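Report on the structure given below.
Number of protein chains: 2
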Amino acid sequence: MPKKPPPGPRDERGVLSARILAAAREEFAQHGWAGTTLRAIARGADVDPALIYHYFGSKEGLLDAATTPPARWLDSVAATWTTPPEHLGVALLRLMLGAWADAEIGPVLRAILLTAAHEESTREKLRRVVEGSLMGASRVGADEQDRRVRSGLISSQIMGLAMMRYVWRVEPVASMSEDDLVAAMAPNLQRYVDADLF
Amino acid sequence: MPKKPPPGPRDERGVLSARILAAAREEFAQHGWAGTTLRAIARGADVDPALIYHYFGSKEGLLDAATTPPARWLDSVAATWTTPPEHLGVALLRLMLGAWADAEIGPVLRAILLTAAHEESTREKLRRVVEGSLMGASRVGADEQDRRVRSGLISSQIMGLAMMRYVWRVEPVASMSEDDLVAAMAPNLQRYVDADLF
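First to last, the protein sequences are chains A and B. The first sequence begins at 2 in the numbering used here and counts up by one. The second sequence begins at 2 in the numbering used here and counts up by one.
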């Protein structure tokens with residue numbers, strides 16, 4: 002169904018909707034689905050609550066938009082999976098470090114991880130993001146079951162790094178250089194990609 | 002300051018306080034610190050709110066009690082760190098899998114991870130639990146900095162497994178047997194314990 006044209010010029014819409022999304026990520030992460038009101042988000046974004054309905058339709062629509070990574074994230078994931086398998090450990094780690102450092106993608110990933118702690122539909126979305134980004138390893142594994150196990154192990158290391166470094170900020174992992182992390186961690190990821198595991 | 006004797010017989014106190022703690026873990030994890038009321042916890046535990054004050058003193062005291070692992074958890078952690086370094090990969094993984102399967106320890110760990118997503122004092126406690134349990138690796142590393150880096154890497158793998166398997170329940174990691182997990186993952190932990198990383 003086509004949406005009504007936005008009020009005001011196009012770039013104003015972009016600015017306002019980015020502000021609403023940033024405020025929404027903060028509120029949903031802090032207070033969960035049930036504890037978050039559109040009024041509080043409107044206050045955080047300094048906009049009229051009616052504008053949130055106008056742009057996103059509903060609280061559900063807003064949560065969905067706030068936790069959906071931009072399309073170019075999917076592009077970079079797809080590009081990473083074309084890496085020759087023997088370099089996938091490094092490539093997956095660089096993909097993840099780059100995504101978190103990205104001003105558009107990082108906050109979305111953070112919102113997903115924080116909100117997934119207490120909101121089942123976001124937990125479901127997290128599973129889809131993990132499956133879609135870290136488990137699309139069609140070139141990994143001898144068969145479907147092997148591929149799924151290897152992708153799950155890769156995910157467990159990547160997501161653990163994300164929680165320690167970006168969400169909980171536990172030192173020294175939070176402050177290690179990207180190069181040090183790649184040196185220390187990529188061989189472990191590579192083992193999950195192609196070593197004999199069992 | 003000595004506490005007043007509990008109302009009712011000793012085992013009744015144990016039963017009621019365990020029920021209050023279980024309800025508190027659920028509420029704090031779901032609704033965060035600000036969104037949780039002692040009244041809701043009392044309702045969940047089917048007790049009078051006054052009893053919560055009587056047992057735990059305050060909302061702060063209750064959160065603290067709900068997210069403090071039992072003392073025997075610290076004992077098993079200390080015992081694990083006496084394992085010969087060349088077996089630490091397996092030992093740490095078994096420690097963690099055993100703790101999550103434990104009816105008393107598992108719910109506390111879960112409450113810490115879920116509540117840490119949106120409550121700073123619990124995030125601080127998580128850092129202390131990680132440092133105290135996974136980073137007490139005095140026999141690991143060539144010096145203090147090396148020990149901290151290795152412990153951080155070990156933690157990132159262990160905590161990632163915990164999130165994937167027990168909190169987000171992403172398959173197939175959530176359902177893999179403990180033996181399969183040990184076979185697949187312990188060599189990676191062992192590399193963080195004693196291999197050349199940089």
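For each residue, glycine too, the CB sits at the ideal point set by N, CA and C. What you are looking at is a predicted structure, and each value in this text was computed from that prediction instead of being measured.
Pick out the complete alpha helix (DSSP H) segments inside the stretch 13–48 of chain A, 4 residues or longer, and give them in chain order.
Complete alpha helix (DSSP H) runs here, min 4: 39–46.
In whole angstroms, what is the alpha-carbon distance linking B:A41 and B:S178?
When rounded, the distance between both Cα atoms is 37 Å.
Can you find the residues in the same chain that come closer than 8 Å, C-beta to C-beta, to B:P86, ignoring five residues on each side of it along the sequence?
Leaving aside the five residues that flank B:P86 on each side, the residues in its chain whose CB is nearer than 8 Å to its CB run, in chain order, R140, V141, V194, D195.
Counting C-beta neighbours from all protein chains within 10 Å, is the total for A:E166 16 or more, i.e. buried, or is it exposed?
The residue you asked about is not Glu; residue 166 of chain A is Arg in the sequence shown. Its Cβ being crowded by 16 or more others within 10 Å, A:R166 is buried.
Does the CB of B:M134 have a neighbour CB from chain A at under 8 Å?
Note that residue 134 of chain B is Ser in the sequence shown here, rather than Met. For B:S134, the answer is no, since every Cβ of chain A falls outside 8 Å of its Cβ.
Determine contact between the stretch 150–168 of chain A and the stretch 94–103 of chain A, defined as no fewer than three beta-carbon pairs at a distance below 8 Å.
Because the criterion of three Cβ pairs below 8 Å is met, the stretch 150–168 of chain A and the stretch 94–103 of chain A touch.
What are the start and end residues of the alpha helix (DSSP H) that includes B:H55?
50–57
Which word fits A:E27, buried or exposed, when buried means at least 16 other C-beta atoms lie within 10 angstroms of its C-beta?
buried
Going by Cα to Cα distance, which pick from A:T69, A:A24, A:D12 is closest to A:D49?
A:A24
Less than 8 Å separating the beta-carbons of A:P173 and B:G133?
no
Should the stretch 143–153 of chain B be called in touch with the stretch 53–72 of chain B, which here means at least 3 C-beta pairs below 8 Å?
no
From B:D181 to A:L198, what distance separates their C-alpha atoms?
Distance between the alpha carbons of B:D181 and A:L198: 9 Å.
Which residue wins for smallest C-alpha separation from B:A185, given the options B:S122, B:V91, B:A51?
B:V91
In whole angstroms, what is the alpha-carbon distance linking A:G33 and B:V78?
33 Å
Distance check for A:E121 and B:R111, CA to CA, integer angstroms please.
15 Å
Go ahead and label B:R192 buried or exposed: buried means 16 or more other beta carbons lie within 10 angstroms of its beta carbon, across all protein chains shown.
With 16 or more other Cβ atoms inside 10 Å of its own Cβ, B:R192 counts as buried.
Below 9 Å on C-beta distance, what does B:W82 contact in chain A?
Result: empty, since nearest Cβ-Cβ is about 18 Å, beyond 9 Å.
Answer with buried or exposed for B:V16, where buried requires no fewer than 16 other C-beta atoms within 10 angstroms of its C-beta.
exposed
Is A:T123 buried or exposed, if buried means 16 or more other CB atoms sit within 10 Å of its CB?
Result: buried.
Is B:A118 buried or exposed, if buried means 16 or more other CB atoms sit within 10 Å of its CB?
buried
Output yes or no for whether 8 Å exceeds the beta carbon distance between A:L93 and A:L190.
A contact, by the Cβ cut-off of 8 Å.
Leaving out five residues on either side along the sequence, give the residues of the same chain with a beta carbon under 7 Å from the beta carbon of A:P3.
Confidence at A:P3 is low in this model, with a pLDDT of 47, below 50, so the placement of that residue should be treated as unreliable; the coordinate-derived value is given next. Nothing meets the Cβ criterion.
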